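Residue numbers (the numbering used here): 1 to 112.
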């Protein structure tokens with residue numbers, strides 16, 4: 001692996017090396033690398049179906065939790081980039097950021 005490789009490639013390598021090890025612990029819930037990979041792949045497929053790919057920008061307006069990590073990995077696997085937004089910020093501020101970034105899709109629910 002080279003430093004220039006995308007994060008998704010580094011993650012895939014870790015999944016191959018230790019699929020059943022715990023990758024995430026959040027509020028008593030655990031996800032293995034295999035589970036995190038499965039859920040982020042499912043989300044990436046959904047994003048691709050919506051047209052997200054290279055050069056695609058996705059707004060990410062989520063609380064910090066395991067769902068946010070699934071969303072971030074899914075966006076990167078789809079080839080897109082994400083713009084983090086603070087759910088506590090005023091709506092018009094977040095809308096301005098999304099407009100400047102050219103985001104067409106916004107993820108607002110962590111039930112991934």
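Idealized CB from N, CA, C, for every residue including glycine.
Owing to the predicted nature of the structure, the values given are computational and were not obtained by experimental measurement.
message: Which residue marks the beginning of the beta strand (DSSP E) containing residue 59, and which one marks its end?
response: One-based indexing of the chain shown puts residue 59 at position 59. Taken as a continuous stretch (DSSP letters only), the beta strand (DSSP E) holding residue 59 covers 57-60.
- prompt: Count the other CB atoms within 10 Å of the CB of residue 78; is the residue buried (16 or more) or exposed (fewer)?
  reply: As a working note, residue 78 is residue 78 in the chain shown. Buried, by the Cβ-count rule.
query: Hey, out of 45, 88, 103, whose CA is closest to residue 73's CA?
result: Here residue 73 is taken as the residue at index 73 of the chain shown, counted from 1. Closest option to residue 73, Cα to Cα, is 45.
- prompt: Could you check where the alpha helix (DSSP H) with residue 119 kicks off and where it finishes?
  reply: As shown, the chain starts at 1 and ends at 112. That puts residue 119 outside it, with no answer to give.
task: Less than 8 Å between the CB atoms is what I'm expecting for residue 20 and residue 34, so what's the real figure, rounded?
output: Position 20 of the chain shown holds residue 20. Position 34 of the chain shown holds residue 34. Correct: roughly 6 Å between the Cβ atoms.
field: Identity of the residue in 28, 31, 69 nearest residue 43 by Cα
entry: To locate residue 43, count along the chain shown from 1; it is residue 43. Comparing Cα positions, the closest option is 69.
query: Got a sec, what are the start and stop residues for the beta strand (DSSP E) residue 22 sits in?
result: Here residue 22 refers to the residue found at position 22 of the chain shown. Start and end: 22-26.
query: How big is the Cα-Cα spacing for residue 12 and residue 76?
result: In the chain shown, counting from the first residue as 1, residue 12 sits at position 12. In the chain shown, counting from the first residue as 1, residue 76 sits at position 76. Cα-Cα distance, rounded: 12 Å.
query: Do residue 83 and residue 97 have their C-beta atoms closer together than 8 Å?
result: For this step, residue 83 is matched to residue 83 along the chain shown. For this step, residue 97 is matched to residue 97 along the chain shown. Result yes, Cβ atoms of residue 83 and residue 97 sit closer than 8 Å.
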